[in-house]
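Novice:
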Amino acid sequence: MDGDLTEGRSLRWRSVTTLAERSRRDCREFDPEAATPADAVGEGIEPLLTEYVRCRREDVRLSSVERSLLEGALNDWLRAYAATRGLPTFEGTAFSVHELAIEYARTGETAAAVRHLFSER
């Protein structure tokens, strides 16, 4: 199967790790006071969600490390998103990338999926 793990890494290891590292770096430079929620969605959340959805569609099984990297970066950006909206912050990994993908599949729009995640907490 195309999505089989090899030595604990998926076939998308390099793209996932590169994206997660770049995303976390970009998030550290993101200024929620000068940005909008749409900026956080477009600059940070959407690329991470897109990579996860691509992996799922291509039947690529991510390793636990790869999922953890995506979720760490995703939660950094979700905290930035919350800050742009003046919402309460959270610690750790409060949301999974799979949880966001399910909402995205339901709504068809990343921003709506993110809003729904926060309305459920």
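Residue 241 in our numbering sits at position 73 of the sequence shown, and the numbers go up by one each step.
The beta-carbon is built from N, C-alpha and C at its ideal position, and this holds for glycine as well.
Which same chain residues end up closer than 8 Å to SER231 when comparing Cβ atoms and leaving out the 5 residues on each side of it in sequence?
Specialist: Within the sequence shown, the letter at position 63 stands for residue 231. Hits under 8 Å: LEU173, GLY176, ARG177, SER178 and TRP181.
Novice: Is it the case that the Cβ atoms of VAL265 and GLU288 are separated by a distance below 8 Å?
Specialist: Sequence index remark: in the sequence shown, residue 265 carries index 97 (1-based). Sequence index remark: in the sequence shown, residue 288 carries index 120 (1-based). Not in contact: VAL265 and GLU288 (Cβ atoms no closer than 8 Å).
Novice: Going by CA-CA distance only, name the one from THR204, LEU187 and GLU189 that's closest to ALA248.
Specialist: As a working mapping, residue 248 is identified with position 80 in the sequence shown. Cα-wise, what sits closest to ALA248 is THR204.
Novice: Work out the CA separation of LEU237 and GLU211 for me, nearest whole Å.
Specialist: For the purposes of this step, residue 211 is taken as the residue at position 43 of the sequence shown. For the purposes of this step, residue 237 is taken as the residue at position 69 of the sequence shown. So the alpha carbons of these two residues sit roughly 17 Å apart.
Novice: At the level of alpha carbons, what is the spacing between ALA208 and PHE198?
Specialist: Position 40 of the sequence shown, counting from 1, holds the residue named residue 208. Position 30 of the sequence shown, counting from 1, holds the residue named residue 198. Straight-line Cα distance between these residues: approximately 8 Å.
Novice: Who are the near neighbours of ALA241 in its chain, counting only those whose CB is closer than 6 Å to its CB and skipping five residues on each side?
Specialist: Along the sequence shown, one-based indexing puts residue 241 at 73. Contacts found: ALA188, SER191, ARG192 and LEU216.
Novice: By how many angstroms is the C-alpha of GLU259 removed from the C-alpha of SER183?
Specialist: By one-based count along the sequence shown, residue 183 stands at place 15. By one-based count along the sequence shown, residue 259 stands at place 91. Straight-line Cα distance between these residues: approximately 26 Å.
Novice: How many Å lie between MET169 and ARG229 at the Cα?
Specialist: Residue numbering aside, residue 169 sits at position 1 when the sequence shown is read from its first letter. Residue numbering aside, residue 229 sits at position 61 when the sequence shown is read from its first letter. Annotation note: pLDDT 42 at MET169 (below 50); position unreliable, no value reported.
Novice: From GLU226 to ILE270, what does the alpha carbon distance come to, in whole angstroms?
Specialist: Along the sequence shown, one-based indexing puts residue 226 at 58. Along the sequence shown, one-based indexing puts residue 270 at 102. Straight-line Cα distance between these residues: approximately 16 Å.
Novice: How would you write the range of the alpha helix (DSSP H) that ILE270 sits in, first residue to last?
Specialist: The residue you call residue 270 lines up with position 102 of the sequence shown. Per DSSP, ILE270 belongs to the alpha helix (DSSP H) from 265-275.
Novice: Quick one: grab the DSSP three-state call for VAL228.
Specialist: Numbered from its first residue, the sequence shown carries residue 228 at position 60. VAL228 falls in the coil class under three-state DSSP.
Novice: In the DSSP assignment, the alpha helix (DSSP H) including ASP207 goes from what residue to what residue?
Specialist: Against the sequence shown, residue 207 aligns to sequence position 39. 205-208 is the span of the alpha helix (DSSP H), which, as asked, contains ASP207.
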